[in-house]
Structures are given as C-alpha cells and as structure tokens.
Amino acid sequence: AIVNEKCNVIHGTPTMYVDLIKKQRELNLPLKTAKMAITGGAPCSPQLFLDIKNVLGLEHVRTVFGMTETTAVIFQSRPGDSKEQILNTVGHLQDHVEAKVIDAEGKTVAFGERGELCVRGYATMLGYYEDEEKTKETIGRDKWLRTGDQFILQEDGYGRIVGRLKEMIIRGGENIFPKEIEDFLNTHPDICETHVIGVPCERMGEELCAFVRLHDGLPKISHDDIKEFCKGKLAHFKVPRYVITVSDFPKTTSGKIQKFKLAEIYNKEHKTQ
Numbered sequence: 362a363i364v365n366e367k368c369n370v371i372h373g374t375p376t377m378y379v380d381l382i383k384k385q386r387e388l389n390l391p392l393k394t395a396k397m398a399i400t401g402g403a404p405c406s407p408q409l410f411l412d413i414k415n416v417l418g419l420e421h422v423r424t425v426f427g428m429t430e431t432t433a434v435i436f437q438s439r440p441g442d443s444k445e446q447i448l449n450t451v452g453h454l455q456d457h458v459e460a461k462v463i464d465a466e467g468k469t470v471a472f473g474e475r476g477e478l479c480v481r482g483y484a485t486m487l488g489y490y491e492d493e494e495k496t497k498e499t500i501g502r503d504k505w506l507r508t509g510d511q512f513i514l515q516e517d518g519y520g521r522i523v524g525r526l527k528e529m530i531i532r533g534g535e536n537i538f539p540k541e542i543e544d545f546l547n548t549h550p551d552i553c554e555t556h557v558i559g560v561p562c563e564r565m566g567e568e569l570c571a572f573v574r575l576h577d578g579l580p581k582i583s584h585d586d587i588k589e590f591c592k593g594k595l596a597h598f599k600v601p602r603y604v605i606t607v608s609d610f611p612k613t614t615s616g617k618i619q620k621f622k623l624a625e626i627y628n629k630e631h632k633t634q
C-alpha cells in the first residue's frame with residue numbers, strides 16, 4: 362500500500378514498524394516516496410529507530426507521546442533534533458502543556474531524576490465518565506493528571522520514558538523496568554522483538570521472563586544464549602530467568618502488546634514443564 366499509494370509519511374506503533382521492517386527485508390520494495398516515519402502508542406527502542414531509518418530508508422524518524430486523557434500529543438520530536446534526542450527521548454514538551462515529575466510522596470523531583478510524570482493543560486480531560494473514584498486517583502484538585510509513566514524530564518524540555526509504573530518488576534528488592542531490558546535484548550542480532558514481564562517466584566518475589574520473536578528461519582534461542590549476551594553488559598539481577606520464543610505477540614486493535622496474555626502463555630508453559 363505504501364508503494365502503490367505513494368505515501369510520504371508513515372504513522373504506526375512500534376510493533377507495526379517491526380512487522381513492516383520484517384516484510385521489507387523479505388521483499389526489498391522501493392519505498393521511493395516515503396520520507397518520514399512517525400511512531401507512537403508505545404515506547405520505541407533505539408534499535409528500532411535505527412532499523413526504521415536504515416532498513417526502510419526513511420530520511421526522517423519522529424516520535425510522539427500522548428494519552429487519550431490528554432486529548433493528543435504532549436511530547437513530540439522537533440525539526441532539527443539531534444540523533445541523540447531522537448533515539449533516547451520522546452521529544453520536547455508541547456507549548457500547551459505543563460509537566461512535572463513527582464516522587465512516591467508526591468513531591469516534585471529535580472530535572473534528570475526519575476519519578477511519575479504529571480501533566481496539565483486545557484486539553485487534559487476533566488475526568489472518566491461515570492467513574493468518580495478513578496478520576497480522583499488520576500487528577501488532583503490542582504488539575505495535575507498522573508500519567509502512570511516512570512519518566513525523566515530534562516531541563517531543556519525533552520523527556521524520556523523509563524517504563525510504566527504498573528509494569529515495574531520487584532525482584533529480590535530491586536526495582537526493574539522492563540523497557541531497559543527490552544531495549545537491550547532488541548540489539549541481539551537474532552532477535553526481532555522482545556517483551557519482558559514479571560512472573561511469581563517464591564524466593565525472589567518476582568522473576569523476569571523474556572518473550573522473544575526471532576528473525577524468520579532462526580531456531581529457538583536458549584536461556585544460556587541470552588545469559589551470555591547479557592554478560593558484562595546488563596546487571597545480573599536484570600538478566601531474564603526465563604526465555605520463551607514466540608512467533609507473534611498478542612496485540613490490541615491499535616497494535617499495543619497485551620502483556621497480561623504473555624503472563625497466560627508463561628503460566629501455560631510453566632505448568633507443562
């Protein structure tokens with residue numbers, strides 16, 4: 362469709378781009394008219410940004426970050442952004458939005474420190490329809506909306522997602538965000554896409570399970586392979602204890618990964634072992 366319709370700009374979630382890159386490696390179509398890729402809906406790894414540029418041959422790659430609750434985009438790449446800014450941030454805060462990052466006690470943290478991203482502005486929702494309790498949990502009296510994202514806000518207005526607070530894994534007292542591990546494993550030459558979840562462990566509280574989709578034609582990847590790849594590059598407590606190879610990932614209609622279904626896959630495989 363991109364070739365036939367002579368598209369100039371491609372919009373999609375990271376998973377859509379993973380599938381597009383996979384298909385392009387198979388077909389090597391001449392994407393002559395496409396100049397820009399815009400990604401959003403979920404965090405995009407630095408490796409995927411590079412693949413979009415190098416495999417698809419697109420001149421510009423941009424990212425946007427927003428929520429249904431904020432009506433639209435709150436962070437976005439700018440023309441002229443450096444490679445570092447494009448690869449490692451979700452762009453610059455938009456002019457119509459205020460943003461701050463808070464700690465667990467609700468206090469604003471300094472620039473460059475981790476915490477929960479909060480935003481407010483005229484485009485922020487008034488509340489959830491007929492759900493006063495959830496509205497109070499999400500929006501304070503001062504109209505700041507808690508996004509649920511672990512975030513780093515830089516002094517220059519650019520921001521970086523660390524992970525979703527609800528997805529944080531606590532392994533032996535260590536707080537681990539899946540995104541860091543996913544981004545690292547996505548640099549493995551055999552791996553096409555990775556998603557990490559926490560699974561129950563009587564001793565550690567939670568363990569890490571990595572679900573990996575390999576490039577076509579490659580066999581399953583073992584835990585030993587992953588362990589060796591991580592050696593000296595990833596803290597030992599961040600190395601996945603379990604590795605499950607999948608042919609595809611369960612997704613919503615908008616292309617977001619359904620991690621609760623990954624947990625179901627783990628539970629099913631774990632019971633058969």
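Under my numbering, the very last position in the sequence shown is 634; numbers go up by exactly one each time.
Idealized CB from N, CA, C, for every residue including glycine.
On a predicted model such as this, the values are computed, not experimentally measured, just so you know.
Can you check which of these residues, the options, is closest to residue i by C-alpha distance?
i, options, result
"Thr-508", "Gly-518, Gln-515, Val-523", "Val-523"
"Leu-595", "Cys-570, Pro-561, Glu-541, Arg-564", "Glu-541"
"Arg-602", "Ile-558, Ile-618, Thr-424", "Ile-558"
"Asp-609", "Thr-485, Leu-623, Phe-472, Lys-599", "Leu-623"
"Gly-518", "Glu-366, Arg-439, His-576, Glu-466", "Arg-439"
"Ile-371", "Leu-392, Leu-388, Lys-383", "Leu-392"
"Cys-570", "Asp-577, Cys-562, Val-416", "Cys-562"
"Trp-505", "Gln-515, Val-416, Ile-463, Glu-528", "Ile-463"
"Glu-516", "Glu-528, Phe-472, Thr-548", "Phe-472"
"Asn-365", "Glu-387, Gly-566, Ala-395", "Ala-395"
"Lys-588", "Leu-546, Asn-628, Val-607", "Leu-546"
"Thr-469", "Val-451, Thr-496, Pro-404, Leu-514", "Leu-514"
"Asn-415", "Asn-389, Ala-433, Leu-526, Gly-402", "Asn-389"
"Pro-539", "Glu-528, His-549, Thr-548", "Glu-528"
"Lys-612", "Ile-363, Asn-369, Cys-479, Pro-375", "Pro-375"
"Cys-591", "Thr-548, Val-560, Met-486", "Thr-548"
"Leu-526", "Asp-442, His-421, Asn-449, Glu-477", "Glu-477"
"Thr-400", "Tyr-483, Gln-455, Leu-448", "Leu-448"
"Val-560", "Leu-579, Gly-578, Val-604, Arg-574", "Val-604"
Could you tell me whether the Cβ atoms of residue i and residue j are closer together than 9 angstroms?
i, j, result
"Val-379", "Glu-554", "yes"
"Lys-599", "Ile-537", "yes"
"Pro-407", "Asp-551", "no"
"Phe-436", "Val-425", "yes"
"Phe-512", "Arg-475", "yes"
"Ile-500", "Phe-572", "no"
"His-576", "Lys-383", "yes"
"Met-428", "Gly-616", "no"
"Val-458", "Thr-431", "yes"
"Lys-629", "Thr-606", "no"
"Gly-402", "Gly-373", "yes"
"Cys-479", "Ala-465", "no"
Could you tell me which residues DSSP puts in a beta bridge with residue i?
i, result
"Thr-555", "Val-573"
"His-453", "Gln-437, Tyr-519"
"Met-397", "Val-370, His-421"
"Phe-512", "Gly-476, Ile-522"
"Leu-595", "In the DSSP output, where bridge partners are listed per residue, Leu-595 has none listed."
"Pro-561", "Glu-567"
"Asn-536", "Ile-531"
"Thr-469", "Ile-463"
"Lys-444", "Per DSSP, none; premise fails for Lys-444."
"Lys-612", "Ile-618"
So residue i is in the alpha helix (DSSP H); what residue range does that whole segment cover?
i, result
"Gln-408", "407–415"
"Glu-459", "Run containing Glu-459: none in the alpha helix (DSSP H); it sits in the beta strand (DSSP E), 459–463."
"Arg-386", "375–388"
"Leu-546", "539–546"
"Ile-587", "584–591"
"Thr-499", "493–499"
Should residue i be labelled buried (16 or more other beta-carbon atoms within 10 Å of its own) or exposed?
i, result
"Tyr-490", "exposed"
"Ser-583", "exposed"
"Asp-423", "The question names Asp, but residue 423 is Arg in the sequence shown. So Arg-423 counts as buried."
"Ile-618", "buried"
"Ala-398", "buried"
"Asp-510", "buried"
"His-556", "buried"
"Gly-533", "exposed"
"Arg-564", "exposed"
"Gly-520", "buried"
"Phe-621", "exposed"
"Thr-614", "exposed"
"Arg-502", "exposed"
"Asp-412", "buried"
"Gly-452", "buried"
"Leu-381", "buried"
"Ala-433", "exposed"
"Leu-487", "exposed"
"Leu-454", "buried"
"Asp-442", "buried"
In terms of residues, what are the limits of the beta strand (DSSP E) holding residue i?
i, result
"Phe-426", "421–427"
"Leu-478", "475–481"
"Arg-532", "530–532"
"Thr-606", "603–606"
Is it the case that the CB of residue i approaches a heavy atom of the ligand ATP more closely than 8 angstroms?
i, result
"Arg-386", "Only the bare structure without any ligand can be found here, which leaves the ligand ATP out of the picture."
Please confirm whether residue i has its beta-carbon closer than 9 angstroms to some beta-carbon of chain C.
i, result
"Gly-534", "Going by chain labels, chain C is absent from the structure shown, which holds only one protein chain."
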